[in-house]
Amino acid sequence: MKKLLHLVQGEILRLWRYKILFFGALVSFIWVIIIGFSDLATAKMLAPSLVMMDAGMMSIILLGSGFFLEKQEGSMAAILVSPVKMSLVLIAKIISALVVAYISFFIVMGSIAIFYGFVFQPLLMFFYVTLMVLAHSAIGFLLSLHAKDFLQMLMRSMGLILLFVSPILLMALDIIPSSLEFFVYFSPSYAGQVLFNSTFDGASIESWARLLSIFALIAIPAIIYPLFVVKQFEKVAMEG
Amino acid sequence: MANAFEIKNLVFRYPKNNEDTIKNISFTVEEGTIFGFLGPSGAGKSTTQRILSKLLESYSGEILYFGKDLKNYGKEFYEEVGVGFEMPVHFNKLTAMENLNYFAGLYKNNLDYEALLSEVGLYEARNQLVGEYSKGMKVRLNFVRALLNNPKMLFLDEPTAGLDPKNAKIVKDLILKFKKEGKTIFITTHLMGDVEQLCDNVIFIRGGKVTESSTVRDLKLRYGKKEVKIEYYDNHQLSSAIYALEHIGENKEFIQALQDYSIETIHSGETTLEDIFIQVTGDVKE
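Keeping their order, the protein sequence lines are chains H and S.
Each residue of the first sequence is one higher than the last, beginning at 457 in my numbering.
Each residue of the second sequence is one higher than the last, beginning at 7 in my numbering.
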């Protein structure tokens, strides 16, 4: 536990020094400005997408940029020859991604609360942000570990983000038949959006949709991390 | 003294290769000694070092570390092992102290690394970002990082590469001091001067096979010519003569030359490690 805390502290210090934390917060403040210029109805409509964008997309890009910076420096090799399991290093990286997402979440939701007196459900939202970061960070790691460089990783992320976001649009336009709706929940962006919408407008989201979203957001990291990330992470770290 | 490492019939092949990189090599690294692992680029030095430092595991053969199979060690292995890489491996946007604090926090035991920073001449620059360090400073910081946990076994890859003679001497003195404390050091290097000054035992490797192994002194004696060469002035003309080293004290010609001429130089036919390197690896040193 002590080592994990130390690793997390190190991750956060590096996120700060590499300005990843700064730019993450900066993006959140841009959302605050947008929210500030909206009315409550628009802010409530926008907020789930903004939180989803920060907790989801930012997790992928943040992990990717951190990963390639460390690869460039070779610093992973020094961690590899220390008495720390790589799974612990991985957990520290996920926790640091969670911290960034929580900061962004509190900035965005805090601004809605301050500007409009909107009472949100912090614990439930906190839980949903956690699920989203876990799912997206798993995908972020998967992309980073199989990309040659940051540019390739970024291009693939963009493609994947488009793929994940498209169900939201297709569902809104009623293009996807209801028989295929089940599969749409395995887009982490869609599942996240459903969960966040439920905290704003719970009545319109059915319980099964929430449960399916939660299931999808748990299943994605539960499959990707142990099967595709942990061993590959160690392998890539060893190769330098 | 016990054996720090006993390597028996080590074979290793990278998954994508058709040929073994390490071809059935065996050697022993004695505790409390400095062991030089030498050879041209691509000979398998780094691969062997990576295997011994548990960075590569799919090898065949047997490796015992202090009598216990290396495969049976987990991550605790690194509590007592230090690994210094040739390339600097630090976080560039953190200061030297932040880097060392970070890595030191991963070990149970730590050395007084502020004192060590001072010894390698980096104390004044300890709060400077590593990204602003020169190559030589990064190499010295690398060395300090490898010693952070006060290891009993230290792996060093080209520990003085990129250092000026003054700083190279500081690092070499620290390696010797480390050895005096009973620690074991495994060095891979191209710098034969370092090997002569530091190593007790050496192994030459080429194409994944051991081509020669012994002590530095023994190699120099074996590969050297058993002769004495003198240079002297004879009627203001520089001349030279070579005499067999055997029974040199009874060699009348040699004794006469010493008495009759103004001697400029006397050299034994002892060879250099560079020459041995070229002979045993069949390669010109890079």
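Glycine included, every Cβ here is placed at the ideal spot set by N, Cα and C.
Problem set entry | Other residues of its chain near Tyr229(S): CB distance less than 6 angstroms, five sequence neighbours each side excluded | Thr277, Ile282
For this session: Using a Cβ-Cβ cut-off of 8 angstroms, state whether Met198(S) counts as contacting chain H.
Result: no
Exercise. Quick one, are the C-beta atoms of Tyr108(S) and Gly466(H) less than 8 angstroms apart?
Worked result: yes
For this session: Would you mind stating whether Ile236(S) and Ala247(S) have Cβ atoms separated by less than 8 angstroms?
Result: yes
Problem set entry | Rounded Cβ spacing between Phe652(H) and Met513(H) (contact assumed at less than 8 angstroms) | So it is not a contact: roughly 14 angstroms between Cβ atoms.
For this session: Kindly indicate if chain H contains any beta-carbon less than 8 angstroms away from that of Phe149(S).
Result: no
Exercise. Does the distance from the C-beta atom of Pro46(S) to that of Arg151(S) stay below 8 angstroms?
Worked result: no
For this session: Using a Cβ cut-off of 8 angstroms (strictly closer), state whether His462(H) contacts chain S.
Result: yes
For this session: Could you tell me how far apart the beta carbons of His650(H) and Ala665(H) are, in whole angstroms, since I believe they sit closer than 8 angstroms?
Result: The residue you asked about is not His; residue 650(H) is Val in the sequence shown. Val650(H) to Ala665(H), Cβ: 6 angstroms. Contact.
Problem set entry | Uninterrupted beta strand (DSSP E) stretches inside the region 174–203 of chain S (no shorter than 3 residues) | 190–194
Exercise. So, is Trp472(H) buried or exposed, given that buried needs 16 or more other C-beta atoms within 10 angstroms?
Worked result: exposed
Exercise. Which chain S residues are close to Ala533(H), counting only those with a beta carbon under 7 angstroms from its beta carbon?
Worked result: Phe91, Val95
For this session: Answer with buried or exposed for Tyr641(H), where buried requires no fewer than 16 other C-beta atoms within 10 angstroms of its C-beta.
Result: buried
Problem set entry | Whole-angstrom distance between Pro623(H) and Ile468(H), CA atom to CA atom | 33 angstroms
For this session: Measure the beta-carbon distance from Phe523(H) to Ser645(H) and round it to whole angstroms, keeping in mind my assumption that it falls under 8 angstroms.
Result: Their Cβ separation, rounded to whole angstroms, is 21 angstroms, which puts Phe523(H) and Ser645(H) out of contact at 8 angstroms.
Exercise. Between Ile193(S) and Leu204(S), is the Cβ-Cβ spacing less than 8 angstroms?
Worked result: yes
For this session: Give the range of the beta strand (DSSP E) segment to which Ile28(S) is assigned.
Result: 28–36
Problem set entry | Helix, strand or coil at Lys291(S) according to DSSP, with G and I counted as helix | In this prediction, Lys291(S) scores a pLDDT of 46, lower than 50, which makes its location untrustworthy; no coordinate-derived value is stated.
Problem set entry | Status (buried if at least 16 other CB within 10 Å, exposed otherwise) for Lys14(S) | exposed
Problem set entry | Beta bridge counterpart(s) of Val650(H) as assigned by DSSP | According to DSSP, Val650(H) bridges with nothing at all.
Problem set entry | Segment contact, 8 angstroms Cβ cut-off, at least three pairs: the region 523–535 of chain H with the region 600–612 of chain H | yes
For this session: Please classify Glu695(H): does DSSP put it in a helix, a strand, or coil?
Result: helix
Problem set entry | Cβ contact check for the region 7–26 of chain S and the region 56–70 of chain S: 3 or more pairs under 8 angstroms | yes
Exercise. Quick one, which residues of the region 98–119 of chain S are near chain H if we go by CB-CB under 8 angstroms, in chain order?
Worked result: Asn98, Lys99, Leu100, Glu104, Tyr108, Phe109, Gly111, Leu112, Tyr113, Lys114
Exercise. Name the DSSP beta bridge partners of Met93(S), please?
Worked result: Paired residue(s): none; Met93(S) is not in a bridge.
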